Amino acid sequence: MSQNYSSYQSESGDATHIYTSVLVDGSGTCNPTPDCPCGSATHTPKAYNKLSSAGGWGSGSPQCVSCYLSYQNNQSIAATAGTDYVFQATGEVVCSIFGVYFFLQFPGVHVSIANTKEETTTPGLNTWCPSTPICANTTNPRCKVSSIYEGSNQPCHAAHWCEFIATSSSGTAPYSCYLLNCPDAIDTTPGLCTPQ
Amino acid sequence: MAETHHFGGAPGTSVPTVDSEDLKAIWQLHREIAIQQPGQTVGIDHSVIAGRCKPGTDVNAVAYRTSMLQILYNIAPGSLAPWTKNTELDDVVFRIAAEIPMDWIGTEQHKGLPFDLDEFVRRLRG
Numbered sequence: 003m004s005q006n007y008s009s010y011q012s013e014s015g016d017a018t019h020i021y022t023s024v025l026v027d028g029s030g031t032c033n034p035t036p037d038c039p040c041g042s043a044t045h046t047p048k049a050y051n052k053l054s055s056a057g058g059w060g061s062g063s064p065q066c067v068s069c070y071l072s073y074q075n076n077q078s079i080a081a082t083a084g085t086d087y088v089f090q091a092t093g094e095v096v097c098s099i100f101g102v103y104f105f106l107q108f109p110g111v112h113v114s115i116a117n118t119k120e121e122t123t124t125p126g127l128n129t130w131c132p133s134t135p136i137c138a139n140t141t142n143p144r145c146k147v148s149s150i151y152e153g154s155n156q157p158c159h160a161a162h163w164c165e166f167i168a169t170s171s172s173g174t175a176p177y178s179c180y181l182l183n184c185p186d187a188i189d190t191t192p193g194l195c196t197p198q
Numbered sequence: 253m254a255e256t257h258h259f260g261g262a263p264g265t266s267v268p269t270v271d272s273e274d275l276k277a278i279w280q281l282h283r284e285i286a287i288q289q290p291g292q293t294v295g296i297d298h299s300v301i302a303g304r305c306k307p308g309t310d311v312n313a314v315a316y317r318t319s320m321l322q323i324l325y326n327i328a329p330g331s332l333a334p335w336t337k338n339t340e341l342d343d344v345v346f347r348i349a350a351e352i353p354m355d356w357i358g359t360e361q362h363k364g365l366p367f368d369l370d371e372f373v374r375r376l377r378g
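Quick note, the sequences are listed as chains P and V, same order. Okay, so the first sequence: first residue is 3 according to my numbering, each after it adds one. Okay, so the second sequence: first residue is 253 according to my numbering, each after it adds one.
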């Protein structure tokens, strides 16, 4: 069995709305064997289109393995100028025998390391330590935290360097941030943070 | 001059493989903190992460691979669904995430995740 599937995403907008679309299409080939009885299998296209809080997974109709399939998931939201909206997209073809058969990583996913120096705002506490960015180069770091977990009953350090992986659909803001960890910083002098 | 900070290895070089039990432990640590501090963006001190791992573990590699698994879980929620029960991931997911070839990224934008997703899913299917 072989696969020849594609998946596409698109984003557009006008004065009042943002429109996003995710398309999955293509077909496979089937040469049945005892280990792969693909003649009786079906393939179902699925597309995930999440625009801000709208949308999610949608599914097309099951087709035979060698049949052409196509499914498009469209979303739109009313938009306000100056506001960022997150668009997440992916596409899959689910095989009735093997489960997820094709998974596309959209080229729109960008990742980068982001560093932010953080200072404890309430010295003398322990365990959960309220924290705020201290950046010499920006007032708007790409990623930040509001508190740092030091471990049960452990005193708050004065400052940390928090490390993140930042993701975005376009390579620019808005970003989603995934914490790596927060090693201690040597002092509370503002540091060079990764800006938006 | 303001202090700068660098994480991990040189961009484009390989991330060491790690023990899947360490990766699973850090995944669960993030889950515990999310439950205790819902809706908050919480950092974790390096010593806490190191304390959950086996002695001598490359903590940066464990943290990096854990975050990549979190990204996959969030941006492609269907991809891990067959190996997810009641929001808990099967051990095979942690084993593959701990071992699959993966590159370090840097502060420059990297297009796509730094590992082969198709290979990840192929290994899951066995």
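The C-beta atom is built at its ideal place from N, Cα and C for all residues, glycine as well. Everything numeric in this text was worked out from a predicted model, so none of it was measured.
Start-to-end residues for the beta strand (DSSP E) that takes in I115(P):
112 to 122
Nearest-angstrom Cα separation, counted from A349(V) out to R374(V):
12 Å
Taking 7 Å as the CB-CB limit, is T336(V) close to chain P?
no
Looking only at its chain, what residues have a beta carbon closer than 8 Å to the beta carbon of T190(P), apart from the 5 residues adjacent to it on each side?
E121, I136, A160, A161
Could you pull the start and end residues of the beta strand (DSSP E) that T265(V) belongs to?
Run containing T265(V): none; DSSP gives neither H nor E here.
Reduced DSSP category for L369(V) - H, G, I as helix; E, B as strand; rest coil
helix
Report the CB separation of L324(V) from S331(V) in whole angstroms; it is logged as a contact under 8 Å.
7 Å
Inter-residue Cα distance where the pair is D16(P) and S55(P):
19 Å
Under 7 Å, do T140(P) and P197(P) count as touching if we go by C-beta distance?
yes
Which one of A168(P), S170(P), N183(P) has the shortest CA to CA distance from Y151(P)?
N183(P)
Tell me, please, whether the CB atom of D297(V) is closer than 7 Å to any CB atom in chain P?
yes
Within the same chain, show all residues whose beta-carbon is closer than 8 Å to that of S272(V), passing over the 5 residues directly before and after it, in chain order.
D343, F346, R347, A349, A350, E351
To which residues does DSSP link Q201(P) through a beta bridge?
Any answer about residue 201(P) is impossible in this case: the structure gives chain P only from 3 up to 198.
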